[in-house]
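Peer 1: Starting off with a structure, shown below.
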Amino acid sequence: MDSSYTPPRLETCSFRPVASDDDDDEFRRIACRDAVVREYLNNLPCVFEGDACPSHVDEDERVENEIAQLDRDGLKERVGSETRRCNEALMELLEQEQQMSSTLAGMRHLESRLRDSEGGLELLRQQLRGANKCIE
């Protein structure tokens with residue numbers, strides 16, 4: 049960032065509202081804060097030198113570095129820990145699959161009942177048409 053930049057200070061806030069009541073002190077403080085933020089944003093440099101965000105190490109590289117520092121027992125413990133974590137995730141996925149399967153079975157049952165009731169409706173319509181023809 050530009051080394052000559054200095055952020056504005058509250059004492060240098062030049063915003064002064066027109067109202068003169070003492071009840072407006074809170075309004076003045078808020079307006080002054082807004083002015084300070086505006087001044088700060090307006091004085092930010094257009095181009096930052098270097099990366100504005102701290103650099104992050106790639107996740108794979110981080111894990112690789114962690115594993116490289118482990119001894120044999122540490123590696124065994126790490127493998128056991130990761131295996132437990134994967135097994136827990138797998139069990140959770142299996143439970144979700146069972147719930148989804150149960151929900152799907154319920155939906156198929158309802159769909160079958162709907163088709164049956166639609167068939168019954170069609171039969172009733174035909175009977176009604178037949179009755180109407182007999183009446184005419």
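Those letters in the sequence shown? Residues 49 to 184, per my numbering, in order.
The beta carbon of each residue, even a glycine, is placed where N, CA and C say it ideally should be.
(1) With a threshold of 6 Å, establish whether the CB of K181 neighbours any heavy atom of the ligand PLP.
(2) Where in the region 143 to 180 do unbroken runs of the beta strand (DSSP E), each at least 3 residues long, occur, reported from the N-terminal end onward?
(3) Does DSSP classify C182 as helix, strand or coil?
(4) Just reading off the alpha helix (DSSP H) that N113 is part of, what are its end residues?
(5) Measuring only the C-alpha atoms, how far is I115 from L123?
(6) Using only the alpha-carbon positions, how far apart do Q147 and D82 sit?
(7) Which residue's Cα is closest to the Cα of V111: R120, P93, D121, E130?
(8) In this structure, how does DSSP classify D82 when only helix, strand and coil are distinguished?
(9) Look at the alpha carbon of H157 and the alpha carbon of C134, and state the distance between them as a whole number of angstroms.
(10) In whole angstroms, what separates the C-alpha of S150 from that of G168?
(11) Assuming the contact rule is C-beta atoms closer than 8 Å, L138 and R126 should be a hit. Round their C-beta distance to whole Å, please.
Peer 2: In this structure, then:
(1) This structure simply doesn't include the ligand PLP, nor any ligand for that matter.
(2) none
(3) helix
(4) 107 to 116
(5) 7 Å
(6) 53 Å
(7) E130
(8) helix
(9) 34 Å
(10) 27 Å
(11) Rounded, the Cβ-Cβ distance is 18 Å, inconsistent with contact.
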